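Student:
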Amino acid sequence: MLKKERYQRFVDYFSTHQPQAQTELHYNNPYQLLVAVILSAQCTDKRINQVTPALFQRFPTPKSLAETTPDIVFDYIRSVSYPNNKAKHLVGMANMLVNEFHNEVPSDINQLQKMPGVGRKTANVIASVVYDAPAMAVDTHVFRVANRLGLTKGKTPLAVEKDLVKNLPEHTIATAHHWLILHGRYVCLARNPKCGICPIRDFCLYYEKLVKPKQEQ
DNA sequence: ATCCCGAGGG
DNA sequence: CCCTCTGGAT
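Numbering (UniProt numbering), first residue to last: 1 to 217.
Okay, here's the thing in structure tokens:
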């Protein structure tokens, strides 16, 4: 099957079955989303959603977060991965929002990445979710699922990002990010992908090359 | 043991 | 390119 056809089947399936796919992180404004995404590294969204309510109540604005110290923030996020690093990042990020960006979360990914704790993946999430930019955030799920489906053969997150942005219809890019995430989280698992119940295995390269041949033995 | 919506530093 | 950070779930 041609790569272009895999893209068509992918968009057709998910635009029909999950047209409203979106993030599972809980937030009410761009500042809260930025905090939640910084916290989400190597951690489940479920756990992030358990700590953010108290965090947002105590630090409702960038200013309030900028005026505290990492060890205070640490107490609110001790149950997530890398709490020391993330506490420092959050306070540093808030300081830049206040001092460099006039309390507004910037829309440009180069501006976003100037903030501590904000790399290319997080910047692309903000650009696409908050500002509807045709940006593809490539995390562990997007990287794995896009490769398995045969949408890309990229060996780095940046290569996969460029391939997806180039080949997906522009208006589907932001939603396709969540299609890949949710499919990776619930069906196309890292260790034991649930190919048996996968609704799109008929155009999946991984299934075609690895799973199907074993069944025919 | 391996993974979860990574980023920073060497 | 590598390593470190670092808690909870399976």
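Glycine included, every Cβ here is placed at the ideal spot set by N, Cα and C. Computed from a predicted structure; not experimentally measured.
(1) Quick one: is K153 buried, meaning 16 or more other Cβ sit within 10 Å of its Cβ, or exposed?
(2) For M136, which option in K155, N99, K114 and E170 has the closest C-alpha, if you only look at C-alpha atoms?
(3) Suppose you measure from the CA of D108 to the CA of P213; what does that come to, to the nearest Å?
(4) Would I72 pass as a contact of K86 if the rule is Cβ separation under 8 Å?
(5) Helix, strand or coil for Q32, going by three-state DSSP, please let me know.
(6) Tell me which residues share the same chain as E161 and place their Cβ nearer than 6 Å to its Cβ, disregarding the 5 neighbours each side in the sequence.
(7) Just how far apart, CA to CA, sit N167 and N103?
(8) Reducing DSSP to helix, strand and coil, say where V165 ends up.
(9) Rounded to the nearest angstrom, what separates K63 and V98 at their Cα positions?
(10) Taking the alpha-carbon of P30 as reference, which of H183, K194 and V130 has the nearest alpha-carbon?
(11) In three-state terms, what does DSSP make of H26?
(12) Once DSSP output is grouped into helix, strand and coil, what is the label at K46?
(13) Going by the beta-carbon positions, is the gap between H89 and G119 smaller than 8 Å?
(14) Is the number of C-beta pairs between the stretch 190–202 and the stretch 6–16 that are closer than 8 Å three or more?
(15) Return the residue from the list V165, S81, Q18 and T61 that minimises the CA-CA distance to V91.
(16) Assuming A174 is part of the alpha helix (DSSP H), what are its boundary residues?
Tutor: Reading from the atomic positions:
(1) exposed
(2) E170
(3) 46 Å
(4) no
(5) helix
(6) M136 and V138
(7) 35 Å
(8) helix
(9) 6 Å
(10) V130
(11) coil
(12) helix
(13) no
(14) yes
(15) T61
(16) I173 to Y186
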